[in-house]
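Chemist:
Residue numbers (the working numbering), protein chains in the order written: chain A, 56 to 375; chain B, 176 to 501.
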């Protein structure tokens with residue numbers, strides 16, 4: 056299998072100003088030395104709480120932000136320093152589906168125009184070809200052909216998310232960034248959309264970068280999961296193995312905090328004290344040590360490096 | 176025998192359009208019973224009527240909505256029959272509510288001490304000083320560190336998790352009998368959600384509260400509740416003890432909901448999705464409202480609305496499949 060996207064030791068730092076007249080400058084390391092790769096036709100899940108850097112990661116992959124350090128390679132070519140034609144190719148090949156289908160579709164455009172827009176702005180086609188492509192996409196996401204002439208307000212949340220998926224698929228991308236694609240939807244609709252995303256992947260071989268806070272949905276959709284905390288990867292590995300036997304204490308706490316499937320499922324709960332610290336001022340050493348139930352003296356001084364153990368990557372001194 | 180903490184009898188709340196021609200039966204013929212220390216989960220999708228039911232219980236409905244029938248007995252007293260003046264003595268005192276968005280339920284212009292103490296001054300005639308003193312104790316009860324300094328602060332100085340705990344402190348300030356939490360953890364991160372749910376459980380133990388969770392999340396029900404009511408199109412389609420309903424759901428909608436959730440522990444290629452969408456509440460079909468999406472539908476479902484059956488002790492279902500079990 057070939058690697059579609061490779062994120063190689065990427066960091067994104069933001070300058071934050073605070074204090075009177077913004078005289079007090081600080082650096083927020085929103086994404087800090089993060090590496091992963093996505094193979095063709097597979098899904099990579101990213102989980103973590105607010106401020107962990109998962110949205111910044113999505114922006115970097117979409118090319119909406121440039122990395123402060125490191126390289127993002129698409130089909131082996133570095134995004135930074137890519138020529139205009141390469142950039143155009145990249146933007147066509149990497150598409151996005153966002154959380155809120157009420158905000159991501161223009162209320163003044165007909166569905167046909169919404170799905171056709173990426174085709175018209177990126178490629179030169181005859182009107183007939185565009186129309187045929189729109190109908191093909193609608194069929195692919197399970198909407199009737201007459202939807203093309205309607206407006207977004209005539210659709211429910213689940214149907215709108217289908218339209219957003221159709222728009223993302225119009226340019227035959229190789230990678231789709233799914234940023235919380237089902238969390239705004241009703242429970243009975245979520246399964247429909249998750250199944251649709253699966254079917255689309257099976258048929259077209261597209262890869263997904265799946266970002267969500269619903270761990271069960273991520274585990275269901277992804278082959279590999281990355282767990283982030285305050286801008287860093289703390290653990291990554293095969294999805295089910297990671298869910299079943301987490302190694303990093305944060306992964307363990309996060310998965311134990313997810314809600315049970317069944318009332319008889321009385322799992323051991325690890326309740327973390329405190330909250331996620333501000334990324335403006337992260338703790339020294341391992342960022343997780345003030346909340347970690349297994350913290351040692353060393354954790355406050357020394358940041359652990361991400362190392363490979365049994366096919367897993369873990370950043371924790373417990374495994375040194 | 177003492178009266179149950181809360182008993183809803185055939186409660187209906189309808190929205191009527193200005194012209195009076197369109198009626199939405201947001202809550203329709205709902206009957207539920209719970210006791211002190213019970214935790215009831217009311218589950219449903221958007222538009223199922225679960226939030227309208229919560230507003231009905233506090234009688235804080237929007238002008239277009241009206242309670243058109245039924246009774247709400249709180250410790251034997253009918254709240255529907257109470258005057259607005261009497262209801263003011265119930266809200267915040269005997270029934271308190273926690274809403275989804277803590278930023279919207281706190282006033283940015285008042286200090287935490289004033290807001291946590293307000294119900295005490297309102298209902299118990301406490302002075303400002305003694306209300307503040309009690310507020311410190313309440314902040315301690317919801318595990319806010321350094322409560323002495325936090326009471327003087329304002330909502331913007333706190334994190335989302337802390338604000339939600341402050342809303343919880345306001346909720347329990349007058350030691351209510353019943354606490355209604357409407358999607359209380361939707362805006363919180365996972366580890367903070369776990370903290371908050373455990374806090375609510377401890378408060379329930381300490382104060383002997385009845386707790387109602389209004390949620391779309393069956394995981395919260397599995398973790399927190401002993402009773403469950405599933406709403407669909409304004410009606411309670413199934414209710415009963417949580418373990419009974421999870422193990423042997425009597426209504427196909429409940430069964431489908433339980434099957435549509437991805438599970439961490441098992442690998443399934445496809446989720447069993449529920450086809451279609453919830454019906455238009457202002458134009459409900461004849462017969463059972465779920466018939467169009469039901470995998471086990473038969474002719475009768477499209478003709479006649481199913482009444483309440485009792486498939487097992489304590490369990491109710493509005494489904495023709497449960498007929499004969501009564």
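Cβ coordinates follow ideal geometry from the N, Cα and C atoms, glycine included.
By alpha-carbon positions, which one of 360/B, 283/B, 496/B, 389/B ends up nearest to residue 424/B?
Modeler: When only C-alpha atoms are compared, the closest one is 496/B.
Chemist: Please name the residue in 210/A, 369/A, 135/A whose C-alpha comes closest to that of residue 284/A.
Modeler: When only C-alpha atoms are compared, the closest one is 369/A.
Chemist: Can you check whether the CB of residue 273/B is closer than 7 Å to the CB of residue 342/B?
Modeler: yes
Chemist: Should residue 330/A be labelled buried (16 or more other beta-carbon atoms within 10 Å of its own) or exposed?
Modeler: buried
Chemist: If you check the beta carbons only, do residue 236/A and residue 289/A fall under 7 Å apart?
Modeler: no
Chemist: Would the beta-carbon of residue 357/B fall within 7 Å of that of residue 275/B?
Modeler: With contacts defined as CB atoms closer than 7 Å, residue 357/B and residue 275/B qualify as a contacting pair.
Chemist: Is it buried or exposed, residue 324/A, if we count other Cβ atoms within 10 angstroms and call 16 or more buried?
Modeler: exposed
Chemist: Determine whether the Cβ of residue 256/A lies closer than 7 Å to any Cβ atom of chain B.
Modeler: no
Chemist: Okay, do the segment 236 to 251 of chain A and the segment 206 to 213 of chain A touch, 3+ Cβ pairs below 8 Å being the bar?
Modeler: The segment 236 to 251 of chain A, when compared against the segment 206 to 213 of chain A, does touch it at the 8 Å Cβ threshold.
Chemist: Quick one, which residues of the segment 364 to 381 of chain B are near chain A if we go by CB-CB under 9 Å, in chain order?
Modeler: Flagged, chain order: 364, 365, 366, 367, 368, 369, 370, 372, 373.
Chemist: Take residue 480/B and list the residues in its own chain whose beta-carbon comes closer than 7 Å to its own, dropping the five residues that flank it on each side.
Modeler: If the five residues before and after residue 480/B are omitted, its C-beta is found closer than 7 Å to the C-beta atoms of 462, 463, all from its own chain and listed in chain order.
Chemist: Find the residues of chain A that neighbour residue 247/B, judging by a C-beta separation of less than 8 Å, and give them in chain order.
Modeler: Under a criterion of Cβ atoms nearer than 8 Å, no residue of chain A is adjacent to residue 247/B; the nearest Cβ is some 27 Å distant.
Chemist: Hey, how far is the Cα of residue 419/B from the Cα of residue 200/B?
Modeler: 28 Å
Chemist: Using Cβ-Cβ distances below 9 Å, what residues of the segment 422 to 440 of chain B are close to chain A?
Modeler: Of all residues in the segment 422 to 440 of chain B, only 422, 428, 431, 432, 433, 434, 435, 436, 437, 438, 439, 440 place a beta-carbon less than 9 Å from a beta-carbon of chain A.
Chemist: State the Cα-Cα distance for the pair residue 389/B and residue 355/B, rounded to the nearest angstrom.
Modeler: 7 Å
Chemist: Taking only beta-carbon positions, decide if residue 298/A is within less than 7 Å of chain B.
Modeler: yes
Chemist: Of all Cβ atoms in chain A, is any one closer than 7 Å to the Cβ of residue 358/B?
Modeler: no
Chemist: Please name the residue, chosen from 126/A, 343/A, 200/A, that lies closest to residue 107/A on a Cα-to-Cα basis.
Modeler: 343/A
Chemist: Using only alpha-carbon positions, find the residue among 312/B, 279/B, 412/B that is nearest to residue 494/B.
Modeler: 412/B
Chemist: Taking residue 253/B and residue 385/B to be in contact with their CB atoms under 8 Å, please state how far apart those CB atoms are, rounded to whole angstroms.
Modeler: Contact doesn't hold; Cβ gap of about 17 Å is too wide.
Chemist: Run down chain B in chain order and give the residues with a C-beta less than 8 Å from the C-beta of residue 247/A.
Modeler: For residue 247/A, the neighbours in chain B by C-beta distance under 8 Å run, in chain order, 448, 449, 450.
Chemist: Could you pull the start and end residues of the alpha helix (DSSP H) that residue 298/B belongs to?
Modeler: 287 to 299
Chemist: Going along chain A in order, which residues have a C-beta closer than 7 Å to the C-beta of residue 220/B?
Modeler: Correct list: 241, 242, 243.
Chemist: Helix or strand or just coil, what does DSSP make of residue 263/A?
Modeler: strand
Chemist: Taking only the alpha-carbon atoms, compute the straight-line gap between residue 397/B and residue 432/B and give it to the nearest angstrom.
Modeler: 13 Å
Chemist: According to a CB-to-CB cut-off of less than 8 Å, which residues of the segment 382 to 394 of chain B neighbour chain A?
Modeler: 391, 392, 393, 394
Chemist: Just the C-alpha distance for residue 403/B and residue 391/B, rounded to the nearest angstrom, thanks.
Modeler: 12 Å
Chemist: Can you give me the C-alpha to C-alpha distance between residue 331/B and residue 265/A, rounded to a whole angstrom?
Modeler: 32 Å
Chemist: Interface residues of chain B around residue 320/A at Cβ under 8 Å?
Modeler: Against chain B, the beta carbon of residue 320/A has neighbours under 8 Å at 397, listed in chain order.
Chemist: Would residue 342/A pass as an interface residue toward chain B - the criterion being a Cβ-Cβ separation below 7 Å?
Modeler: no
Chemist: Taking Cβ-Cβ distances below 9 Å as the criterion, which residues of the segment 334 to 352 of chain B are in contact with chain A?
Modeler: Taking 9 Å as the Cβ-Cβ cut-off against chain A, the residues of the segment 334 to 352 of chain B that qualify are 334, 335, 336, 337.
Chemist: Compare the beta carbon distance of residue 399/B and residue 372/B with 7 Å and say whether it is the shorter of the two.
Modeler: For residue 399/B and residue 372/B, yes; Cβs fall inside 7 Å.
Chemist: Rounded to whole angstroms, what's the CA-CA distance from residue 469/B to residue 383/B? Just pull it up for me.
Modeler: Rounded to the nearest whole angstrom, the C-alpha separation of residue 469/B and residue 383/B is 40 Å.
Chemist: Residues of chain B with CB closer than 9 Å to the CB of residue 99/A, please, in chain order.
Modeler: Going along chain B, no residue has its Cβ under 9 Å from residue 99/A, so there is no contact; the nearest lies around 17 Å.
Chemist: Report all residues from its chain with a CB closer than 6 Å to the CB of residue 216/B; omit the five preceding and five following residues, and keep chain order.
Modeler: 388, 396, 400, 403
Chemist: When the Cβ atoms of the segment 184 to 194 of chain B are set against those of the segment 228 to 248 of chain B, are three or more pairs found closer than 8 Å?
Modeler: yes
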